[in-house]
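Q: Okay, so the sequence shown: first residue is 0 according to numbering that gives the first Met the number 0, each after it adds one.
Every residue, glycine too, gets a C-beta built ideally from N, C-alpha and C.
Please read these numbers as outputs of a predicted model, since none were measured by experiment.
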Amino acid sequence: MVSPEVSASDSVDPADTRILTQPTASFHIPNAKAGQSYAGKIEGTDSSGAPVRVRDVRLPSKLVGLEVYDDVELRGVPVVGGDYKISLQWTADRTSWVSGECLLIVNPDPRSLWKKVDPPADDPYFKTNTDGTTVDGDGFRIAAASRRGRSHEHAGTFRDDDFFVHHDADSGWSVLIVADGAGSAKNSRWGSKLAAEVAGRHLVSSLSGDFGARMDTAISEWDEEPAVAGKVVGDEFHYLFHKMGSLAVQAIDAEAQAKGMPAKDYATTLLAAVSKRQGSETFLASFWLGDGAIAAYGPQGKVRLMGTPDGGDFAGQTRFLDRAAMTDHAFGKRVGVGRYTDLCAVFLMTDGISDPRFETDNGLIDARKWDALWEEMSPFLASPEPEKALIQWLDFFAPGHHDDRTIAVLYACVS
Numbered sequence: 000m001v002s003p004e005v006s007a008s009d010s011v012d013p014a015d016t017r018i019l020t021q022p023t024a025s026f027h028i029p030n031a032k033a034g035q036s037y038a039g040k041i042e043g044t045d046s047s048g049a050p051v052r053v054r055d056v057r058l059p060s061k062l063v064g065l066e067v068y069d070d071v072e073l074r075g076v077p078v079v080g081g082d083y084k085i086s087l088q089w090t091a092d093r094t095s096w097v098s099g100e101c102l103l104i105v106n107p108d109p110r111s112l113w114k115k116v117d118p119p120a121d122d123p124y125f126k127t128n129t130d131g132t133t134v135d136g137d138g139f140r141i142a143a144a145s146r147r148g149r150s151h152e153h154a155g156t157f158r159d160d161d162f163f164v165h166h167d168a169d170s171g172w173s174v175l176i177v178a179d180g181a182g183s184a185k186n187s188r189w190g191s192k193l194a195a196e197v198a199g200r201h202l203v204s205s206l207s208g209d210f211g212a213r214m215d216t217a218i219s220e221w222d223e224e225p226a227v228a229g230k231v232v233g234d235e236f237h238y239l240f241h242k243m244g245s246l247a248v249q250a251i252d253a254e255a256q257a258k259g260m261p262a263k264d265y266a267t268t269l270l271a272a273v274s275k276r277q278g279s280e281t282f283l284a285s286f287w288l289g290d291g292a293i294a295a296y297g298p299q300g301k302v303r304l305m306g307t308p309d310g311g312d313f314a315g316q317t318r319f320l321d322r323a324a325m326t327d328h329a330f331g332k333r334v335g336v337g338r339y340t341d342l343c344a345v346f347l348m349t350d351g352i353s354d355p356r357f358e359t360d361n362g363l364i365d366a367r368k369w370d371a372l373w374e375e376m377s378p379f380l381a382s383p384e385p386e387k388a389l390i391q392w393l394d395f396f397a398p399g400h401h402d403d404r405t406i407a408v409l410y411a412c413v414s
């Protein structure tokens with residue numbers, strides 16, 4: 000067999016082969032966060048790890064809020080989260096320029112991930128998403144506000160918290176109550192409402208009658224024999240708060256029975272305080288069942304916690320209002336009384352506020368944290384309509400804390 004002839008032009012010398020390859024480089028820029036000020040530089044290296052020079056950086060039209068400075072730096076406040084491919088030119092030898100891309104990741108604002116879904120308006124236990132009120136006293140105010148938590152907004156469920164505040168101009172007594180319905184109990188929003196209203200009405204009625212008159216006499220003798228007066232007043236309020244709690248339990252039991260549901264479906268905490276101001280002196284008696292906080296704050300650098308929050312073995316666990324709580328031998332520990340000079344404010348709040356603001360039981364007794372809270376809240380309390388201002392303040396964002404928030408504050412008028 001004769002082999003075909005091969006011409007010189009058909010033969011290839013491997014040494015003469017020239018394979019043209021596109022130069023490569025990788026680029027990096029720090030991640031940004033939507034809604035926050037940003038400054039970051041694009042940095043690149045070629046395949047050997049040597050740095051390259053970058054120019055002609057072009058941002059995609061959807062990347063709103065950032066601008067290019069000095070060829071390689073991005074500054075501004077990105078508006079929308081996402082992954083953005085930034086086109087650019089680069090060179091390793093400063094003679095030939097090559098097209099490239101750099102990926103900028105803009106993490107979304109966590110707040111933008113939360114939906115706001117209204118609960119059904121025809122629900123028999125309908126409750127508004129927010130509530131607030133302001134009551135004027137003689138030289139002081141009581142402001143209360145409640146707001147549905149982001150977790151409830153996202154799921155389209157109701158606000159479970161509630162409150163009650165009242166000032167009797169004739170007797171001089173003030174009543175403040177906050178209640179936090181259990182998230183695991185489907186009708187707890189009504190349990191908190193019933194508990195707050197029934198407890199509040201009983202306290203107002205008692206303090207405007209013979210009980211209030213007896214307490215006025217006992218408090219007026221406080222300076223003469225503080226120990227004796229404190230014991231007498233403490234015993235009296237132990238009885239008053241026990242009756243108050245029992246009436247609230249009965250109201251919840253009656254509602255549950257009427258609806259053919261277990262009382263635990265209406266589970267709620269209950270924090271109550273009554274106060275009477277006399278010049279620079281403020282008398283305070285409190286009842287604390289569940290988590291949250293009751294505190295007598297002021298002057299600056301001083302706070303008296305009126306009890307201890309109930310906790311459990313797991314986050315979010317607490318004690319709820321029921322018959323067992325009323326018969327507990329340790330019931331007396333839930334009652335606190337005191338007479339204080341130059342108070343700035345009396346605070347009652349649910350754990351939707353106390354948890355992100357104080358974090359731990361030790362945090363609750365840290366006067367510096369209360370100082371910071373008072374400084375932050377004072378402009379809102381000085382508003383012509385403090386209840387509306389507080390509703391806005393309650394919308395503060397704290398990662399990991401998205402529960403309902405309710406607060407009631409008695410305070411000397413601030414400016």
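Please go through the same chain and pick out, in chain order, the residues whose beta-carbon is closer than 6 Å to the beta-carbon of ARG404, but skip the five residues on each side of it.
A: Counting from one through the sequence shown, the residue named residue 404 turns up at place 405. Cβ within range, chain order: ARG146, GLY351, ILE352, LEU393.
Q: Could you have a look at HIS400 and say whether DSSP puts it in helix, strand or coil?
A: The residue you call residue 400 lines up with position 401 of the sequence shown. Strand.
Q: What did DSSP end up calling HIS328 once you bin it into helix, strand or coil?
A: Here residue 328 refers to the residue found at position 329 of the sequence shown. It is coil, neither helix nor strand.
Q: Of the choices PHE346, ASP45, GLN391, ILE41, whose alpha-carbon is the least far from that of VAL56?
A: Position 57 of the sequence shown, counting from 1, holds the residue named residue 56. The option with the nearest alpha carbon to VAL56 is ILE41.
Q: Compare the C-alpha of THR23 against each of TYR37, ALA49, SER36 and name the closest.
A: Here residue 23 corresponds to residue number 24 of the sequence shown, with the count starting at 1. The candidate whose alpha carbon is nearest that of THR23 is ALA49.
Q: Do ASN186 and MET305 have their CB atoms nearer than 8 Å?
A: One-based indexing of the sequence shown puts residue 186 at position 187. One-based indexing of the sequence shown puts residue 305 at position 306. Contact flag unset, no.
Q: Taking Cβ positions, are GLU72 and ALA38 nearer each other than 8 Å?
A: Here residue 72 refers to the residue found at position 73 of the sequence shown. Here residue 38 refers to the residue found at position 39 of the sequence shown. In contact: GLU72 and ALA38 (Cβ atoms closer than 8 Å).
Q: Around the C-beta of ASP161, are 16 or more other C-beta atoms found within 10 angstroms, so that it is buried, or is it exposed?
A: If you number the sequence shown from 1, residue 161 lands on position 162. So ASP161 counts as buried.
Q: Within 8 Å, do at least three Cβ pairs link the segment 102 to 113 to the segment 69 to 85?
A: The segment 69 to 85 vs the segment 102 to 113: in contact.
Q: Helix, strand or coil for TYR339, going by three-state DSSP, please let me know.
A: Residue 339 sits at position 340 when you count from the first residue of the sequence shown. Residue state, collapsed to three classes: strand.
Q: Just verifying my parser: in three-state terms, what is the DSSP assignment at MET348?
A: Along the sequence shown, read from residue 1 onward, the residue named residue 348 stands at position 349. Reduced to three states, the DSSP call for MET348 is strand.
Q: Give the secondary structure of LEU239 by DSSP, where H, G and I count as helix, E and B as strand, and everything else as coil.
A: Reading the sequence shown from its first residue, position 240 is the one you call residue 239. Residue state, collapsed to three classes: helix.
Q: Any idea if THR94 is buried or exposed, counting beta-carbon neighbours within 10 angstroms, 16 or more meaning buried?
A: Residue numbering aside, residue 94 sits at position 95 when the sequence shown is read from its first letter. With fewer than 16 Cβ atoms within 10 Å of its Cβ, THR94 is classed as exposed.
Q: Please report the straight-line C-alpha distance between GLU384 and VAL177, rounded to a whole angstrom.
A: Indexing the sequence shown from 1 puts residue 384 at position 385. Indexing the sequence shown from 1 puts residue 177 at position 178. Cα to Cα, GLU384 sits roughly 20 Å from VAL177.
Q: For HIS27, which of GLY208, GLN21, LEU103, LYS61 has the nearest alpha-carbon?
A: Taking the first residue of the sequence shown as 1, we reach residue 27 at position 28. Minimum Cα distance to HIS27 is reached at LEU103.
Q: How about ALA143 and VAL116: do their beta carbons lie closer than 8 Å?
A: Looking up residue 143 in the sequence shown gives position 144. Looking up residue 116 in the sequence shown gives position 117. Contact: no.
Q: For the alpha helix (DSSP H) that TRP189 lies in, which residues bound it at each end?
A: For the purposes of this step, residue 189 is taken as residue 190 along the sequence shown, with counting starting at 1. Taken as a continuous stretch (DSSP letters only), the alpha helix (DSSP H) holding TRP189 covers 187 to 206.
Q: Start and end of the beta strand (DSSP E) containing LYS84?
A: Residue mapping note: residue 84 aligns to position 85 of the sequence shown, counting from 1. Its beta strand (DSSP E) spans residues 81 to 90.
Q: What's the gap between the Cα of SER285 and the Cα of HIS153?
A: On the sequence shown, residue 285 is found 286 positions in, with the first residue counted as 1. On the sequence shown, residue 153 is found 154 positions in, with the first residue counted as 1. C-alpha separation (whole angstroms): 34 Å.
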